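Enquirer:
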Amino acid sequence: MKRRCIILLCTLLVCLSAKSRTLRYDVYSAPDSLNTGIAVVVCPGGSYSWLNNNSEGRDVGLWLQSCGITAFVLHYRVASVAAYVTGFRILGIGHKYPDMLEDVEDMLVCVRDNAELYGIDTLKIGVMGFSAGGHLSMMAGNYATGRHIIVPKPAFLVALYPVVTMSDKRYVHRRSQRGALGVWRQFNKTMRDSLSIEKHIKHHCPPTLLINCIDDPVVKYQNSELLDSALTALGIKHTYVQYRTGGHGFGA
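The numbering used here puts the sequence shown at residues 164 to 415.
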């Protein structure tokens, strides 16, 4: 009986910690009369632990659609709401890097492969992200997991009030750090440095639009300034819009 209980418990743990590879997203297809041929992969925020699928997902998708842009709101894999609330991953449940980057890469491949269906110009596919999703959008243009032979390079990136640094203790957003790295890897300096966007901007980084507010009470505004400095240092074409007020989580 004891042996059976152990086997059952082990099986349960494996099932609970299994990582689904199902790509989940919502499509907001631009109407033919307005279609610009542009497509945007939208990455909502949520500290890499949950997804704000309303103001940073559905509402953004509808707005882009009304502008003649086809939006793919990505439900990328995250830690869990429980991990967000407690700071711990019960029984190892949840996801961490590179799962979310794999999802963005899969989404870009999916958009490219279905471009004709949605009337999309494959040279006009970009990535937009909010908060932790802004961190993910910047990874999409500068990192690669190596899972695909060719991942379409985003034509442009948009990061709104993004999480940027994972290593600068003055400005790091702890919940996003823990959500991306996990309970133990957050204490690994090498891992923290590896996901600090300001340290890994590449010369091939796509043109970028960066927006944030000085009064952001969640993600310190200096995150965006670090990113702006990194983009400027490499001569990356970008626009940085900084508002004095506006807070955090205002969507598009």
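The C-beta atom is built at its ideal place from N, Cα and C for all residues, glycine as well. Keep in mind the model is a prediction, meaning the values are calculated, not measured.
Quick one: is residue 404 buried, meaning 16 or more other Cβ sit within 10 Å of its Cβ, or exposed?
Expert: For the purposes of this step, residue 404 is identified with residue 241 of the sequence shown, where counting begins at 1. Result: exposed.
Enquirer: Assess, as a yes-or-no matter, whether the stretch 391–399 is touched by the stretch 362–369 under the definition of 3 or more beta carbon pairs within less than 8 Å.
Expert: yes
Enquirer: Helix, strand or coil: which one does DSSP assign to residue 307?
Expert: Position 144 of the sequence shown, counted from the start, is the residue given in the question as residue 307. Looking at residue 307 - three-state DSSP - the assignment turns out to be coil, as it is neither helix nor strand.
Enquirer: Classify residue 358: buried if its beta carbon has 16 or more other beta carbons within 10 angstroms, exposed otherwise.
Expert: Position 195 of the sequence shown, counting from 1, holds the residue named residue 358. That one is buried.
Enquirer: Just how far apart, CA to CA, sit residue 283 and residue 413?
Expert: Stepping through the sequence shown from its first residue, residue 283 is reached at position 120. Stepping through the sequence shown from its first residue, residue 413 is reached at position 250. Taking the straight line joining both Cα atoms gives about 28 Å.
Enquirer: When DSSP labels each residue in this structure, what does residue 371 get in the three-state scheme?
Expert: Taking the sequence shown and counting its residues from 1, one reaches residue 371 at position 208. Three-state DSSP puts residue 371 in a strand.
Enquirer: Three-state secondary structure (DSSP) at residue 329?
Expert: Reading the sequence shown from its first residue, position 166 is the one you call residue 329. Residue 329 falls in the coil class under three-state DSSP.
Enquirer: Flag this pair as touching only if the stretch 287–305 and the stretch 205–223 have three or more C-beta atom pairs under 8 Å; answer yes or no.
Expert: yes
Enquirer: Going along the chain, which residues of its own chain have a beta-carbon closer than 6 Å to the beta-carbon of residue 402, five neighbours each way excluded?
Expert: If you number the sequence shown from 1, residue 402 lands on position 239. Around residue 402: 372.
Enquirer: Helix, strand or coil for residue 154? Go by DSSP, reduced to three states.
Expert: The structure shown has nothing for residue 154, since the chain only spans 164 to 415.
Enquirer: Quick check on this structure: which residue in 289, 266, 352 has the alpha carbon closest to the alpha carbon of residue 310?
Expert: As a working note, residue 310 is residue 147 in the sequence shown. When each option's Cα is compared against that of residue 310, the closest is 266.
Enquirer: Chain B beta carbons: is any one of them nearer than 7 Å to that of residue 381?
Expert: As a matter of chain content, chain B is missing from the structure shown, which is built from one protein chain.
Enquirer: Over what stretch of residues does the beta strand (DSSP E) that includes residue 237 continue unbroken?
Expert: Here residue 237 corresponds to residue number 74 of the sequence shown, with the count starting at 1. Where residue 237 is concerned, the enclosing beta strand (DSSP E) stretches over 233–237.
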